[in-house]
Ligand SMILES: Cc1ncc(COP(=O)(O)O)c(C=O)c1O
C-alpha cells in the first residue's frame with residue numbers, strides 16, 4: 042500500500058500550517074502535538090456548591106417535601122418545548138417509564154438501533170419484549186429510515202430511535218412511518234440535550250423523549266434522567282409508574298395505588314445541581330456546536346476521515362460525541378487500534394466506540410431463556426438473528442472513532458491541534474504501519 046502523497050497532505054491546508062511536514066509522530070519518538078489536558082468535566086463552581094448546601098440545610102431531600110425537582114421539571118419542559126417533564130433517577134428509567142406508560146407488554150416487539158448504549162436494549166428486555174434491530178445509516182451513525190418500515194409487524198408496540206452522539210436521527214421520515222403504521226415513537230435523546238430538528242428541540246417530537254443526566258452527559262447531575270411528553274394522560278401514567286404506582290395527588294399521602302410501579306424518583310440534590318447546570322448549558326451548547334462544525338470541516342479535508350454527516354433537518358448538533366469513520370486503506374493499512382494509539386500518544390484521547398449490540402451474546406441468551414420461549418413463537422425466535430442482522434452497523438463499529446464532548450469546550454485552536462494530529466499520523470502512516478507489524 043502506498044503512503045499518502047505529499048501533495049494530498051498539502052491539500053489539507055490549513056492543517057499542516059502549524060506543524061512542520063517532517064515532524065515525527067509521538068509514537069515514533071516525536072514530541073506530542075498536544076501536552077495540555079482538554080477542558081475537564083464537569084464544570085461547576087459556587088452556584089452549585091451553594092445550591093447543594095441550601096438543599097442539605099433545608100432537610101428537604103426528596104421530591105415529596107422539597108421543590109427543586111418540580112422546579113427543574115418546569116424549567117426543563119420549557120427549555121425543550123414540551124408540555125410535561127418527569128424527572129427520573131436516570132435515563133434508563135426514563136425509557137423504562139415510557140415503555141410502561143405506553144403499555145408495552147411481554148410478547149410485544151420494540152424497534153431499536155444497534156448503534157447505541159446498552160440501556161436502549163436492556164429496557165426492552167426488562168419488559169420481556171423482543172428487540173428488533175434496524176440497521177444504521179453509516180453516513181450519520183443514526184437508525185437508517187430506509188430500513189425501518191420492513192421491521193414493523195403487527196406485534197410492534199414502540200419504535201425507539203436514538204439521537205446518537207447528540208446528532209439527530211431522520212425524525213421526519215421516522216415519525217411519518219410510525220404515524221402511518223400507528224406505532225408510538227420514544228425518542229432516546231439521552232445524548233442529545235438541546236439538539237434541534239428544524240429549529241425545535243429534540244425530545245418533544247415523539248410520544249415521549251428521554252434524557253440522561255449521568256456524569257458524562259452534556260447536562261449532568263452524576264445520575265439522573267427525564268421523560269418529556271405533550272400527552273397529559275401519558276404523563277399521569279408515567280408519574281404513577283415512577284412513584285411506586287402512586288398517582289400525582291397521592292405522593293406520601295396514602296397507600297392506594299393507580300398501577301404497578303417502582304421508585305424511580307430524582308432526589309432534591311440532583312435537581313438542585315441540574316438547575317444550576319442548566320444556567321451553563323446554553324453557552325456550552327454554542328461552544329460545542331461551533332467547535333464541532335469547525336473540526337468536521339478540518340477533518341473532512343483529510344482523505345480516509347469521514348465525519349458523521351447531519352441530515353438536512355438537523356439544525357443543531359449537540360455533539361455529545363464527535364464521531365467519524367476511519368478508513369485504514371487511506372492510512373497505509375494502519376489498523377484502527379493503532380490509529381487510536383497514535384492519536385492518544387499525540388495527546389488526543391479517542392476511542393473506537395460501540396460494538397454491535399445485536400451481536401452481544403447476552404441478547405441471544407436472553408431470547409433463549411425460558412420466559413422468552415414461552416412468550417414468542419419458536420419461528421420468531423429462530424428467525425430473529427437473520428431478521429435483525431445489521432451488516433452496515435457491524436462495519437461502522439469497526440471503523441468508528443469518537444472524541445468526547447468536553448474536548449469541544451475549549452478554544453478553536455484545540456480543534457486545529459486535533460486535526461493536526463490526525464494529519465500527522467496520516468503523513469507517517471506508512472512508518473506507523475511498519476512499526477505495528479514489526
Ligand atoms: C443512548 C443512551 N440511552 C440510554 C442511556 C441510559 O442513561 P442512564 O445511564 O442515565 O441510565 C444512555 C446513557 O449513557 C445513553 O447514552
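Residue numbers (the numbering used here): 42 to 479. A virtual CB, placed ideally from N, CA and C, is assigned to each residue, including glycine.
Original post:
Can residue 249 and residue 203 be called in contact, C-beta distance under 7 Å?
Top reply: no
Original post:
What whole-angstrom Cβ distance do residue 392 and residue 381 have, given they're in contact under 8 Å?
Top reply: 7 Å
**OP:** Write down the C-beta distance between residue 404 and residue 162 rounded to the nearest angstrom, noting that I regard them as a contact closer than 8 Å.
**Re:** 6 Å
Original post:
Is residue 231 near ligand 1, judged by its Cβ being under 6 Å from some heavy atom?
Top reply: yes
Original post:
Is residue 445 near ligand 1, judged by its Cβ being under 6 Å from some heavy atom?
Top reply: no
**OP:** Compare the Cα-Cα distances from residue 270 to each of 231, 386, 123, 217 and report the closest residue.
**Re:** 123
Subject >> Status (buried if at least 16 other CB within 10 Å, exposed otherwise) for residue 465 >> reply: buried
Original post:
Assuming residue 467 contacts residue 343 under a Cβ cut-off of 8 Å, what Cβ separation, rounded to an integer in Å, is found between them?
Top reply: 6 Å
Subject >> Cut-off 8 Å between Cβ atoms - residues of its own chain near residue 227, not counting five sequence neighbours on either side >> reply: 136, 139, 140, 143, 199, 200, 201, 247, 248, 249, 250, 251
Original post:
Looking at residue 273 and residue 92, is the spacing between their C-beta atoms short of 7 Å?
Top reply: no
Original post:
Taking contact to mean at least 3 C-beta pairs separated by less than 8 Å, is the segment 209 to 222 in contact with the segment 180 to 191?
Top reply: yes
Original post:
When the Cα atoms are used, what is the spatial distance from residue 220 to residue 152?
Top reply: 14 Å
Original post:
Among 451, 388, 421, 397, which residue has its Cα nearest to the Cα of residue 66?
Top reply: 388
Original post:
Which value, in whole angstroms, describes the spacing of the CA atoms of residue 322 and residue 259?
Top reply: 8 Å
Original post:
Out of 232, 235, 408, 311, which has the shortest C-alpha to C-alpha gap to residue 167?
Top reply: 408
Original post:
Assuming residue 262 and residue 314 make a contact with CB atoms under 8 Å, what is their CB distance in whole Å?
Top reply: 4 Å
Original post:
Do you know offhand how far residue 112's Cα is from residue 104's?
Top reply: 10 Å
Original post:
From residue 363 to residue 276, what does the alpha carbon distance come to, in whole angstroms?
Top reply: 33 Å
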